[in-house]
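Enquirer:
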Amino acid sequence: MTAVATVKGGFWPENGVSSLSQISGVGHARAQAAKALAKKGNLALREIMETLNGAAAGSAASKVLARVAASEELGGVRTIENETLVSRNTTAADVTEINADILSLSTRTYDPTPVANLDGNPLGHR
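Using our numbering, the first residue of the sequence shown is number 17, and each one after it goes up by one.
1) Between the Cα of R94 and those of V84, V102, S103, spot the shortest distance and give me the residue it belongs to.
2) Buried or exposed, going by whether 16 or more other CB atoms sit within 10 Å of the CB of E63?
3) Assign L90 to buried or exposed, taking buried as 16 or more other Cβ atoms, counted over all protein chains shown, within 10 Å of its Cβ.
4) Beta carbon of T106, beta carbon of A77: below 8 Å?
5) Comparing alpha-carbon positions, which option in W28, K55, S103, A82 lies nearest E97?
6) Output the distance between the C-alpha atoms of D117 and E66, rounded to the nearest integer angstrom.
7) Give the single residue among K79, A49, S75 whose Cα lies nearest to the Cα of D110.
8) Helix, strand or coil, according to DSSP, for V23 in the structure here?
9) Can you tell me whether DSSP reads R104 as helix, strand or coil?
10) Provide the residue(s) that pair with S75 in DSSP beta bridges, ordered along the chain.
11) Using only the alpha-carbon positions, how far apart do N69 and G92 sit?
Structure, rendered in structure tokens:
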């Protein structure tokens with residue numbers, strides 16, 4: 017579902033725009049997940065997930081980044097080196113880990129029968 021906002025005044029109506037539509041296709045939760053997986057610390061996991069997407073375990077997952085090598089010199093030409101984040105075949109354990117840690121997070125943190133408490137915490141008190 018795409019949200020549409022009616023523009024009432026200012027820059028946009030003066031330039032012929034009477035409504036603005038939301039960019040369709042990515043919800044807030046999906047955008048947050050994509051941002052989290054785009055960080056360097058999660059790129060290896062992301063590569064494993066992409067490798068396993070639509071394929072059986074056993075496919076090769078590889079992610080290499082280029083970086084500027086450390087140097088004690090303050091100037092001059094720096095060498096570029098490769099940093100290997102992941103370079104191995106996926107396993108059934110990868111599938112189990114992804115299913116347990118990422119895809120089932122909402123079921124692992126949800127309490128269907130919370131016990132009421134005095135501070136109003138909707139998760140209850142145990």
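Ideal Cβ positions, reconstructed from N, Cα and C, are used throughout, including at glycine.
Remember, it's a predicted structure, so these values are computed and weren't measured experimentally.
Expert: Well, looking at it:
1) In the sequence shown, residue 94 corresponds to position 78, counting from 1. It is V84.
2) By 1-based counting over the sequence shown, the position of residue 63 is 47. Buried, by the Cβ-count rule.
3) Residue mapping note: residue 90 aligns to position 74 of the sequence shown, counting from 1. By the 10 Å Cβ count, L90 comes out exposed.
4) Taking the sequence shown and counting its residues from 1, the one referred to as residue 106 is at position 90. Taking the sequence shown and counting its residues from 1, the one referred to as residue 77 is at position 61. Their beta carbons are under 8 Å apart, which means T106 touches A77 by this criterion.
5) Position 81 of the sequence shown holds residue 97. It is A82 whose Cα lies nearest to the Cα of E97.
6) Within the sequence shown, the letter at position 101 stands for residue 117. Within the sequence shown, the letter at position 50 stands for residue 66. Taking the straight line from one Cα to the other gives about 16 Å.
7) Within the sequence shown, residue 110 is the residue found at index 94, counting from 1. Minimum Cα distance to D110 is reached at S75.
8) By one-based count along the sequence shown, residue 23 stands at place 7. Correct three-state label for V23: coil.
9) Within the sequence shown, residue 104 is the residue found at index 88, counting from 1. Looking at R104 - three-state DSSP - the assignment turns out to be strand.
10) To locate residue 75, count along the sequence shown from 1; it is residue 59. BP columns for S75 are empty, so no partner.
11) Working through the sequence shown from its first residue, we reach residue 69 at position 53. Working through the sequence shown from its first residue, we reach residue 92 at position 76. Rounded to whole angstroms, N69 to G92 spans 43 Å at the Cα level.
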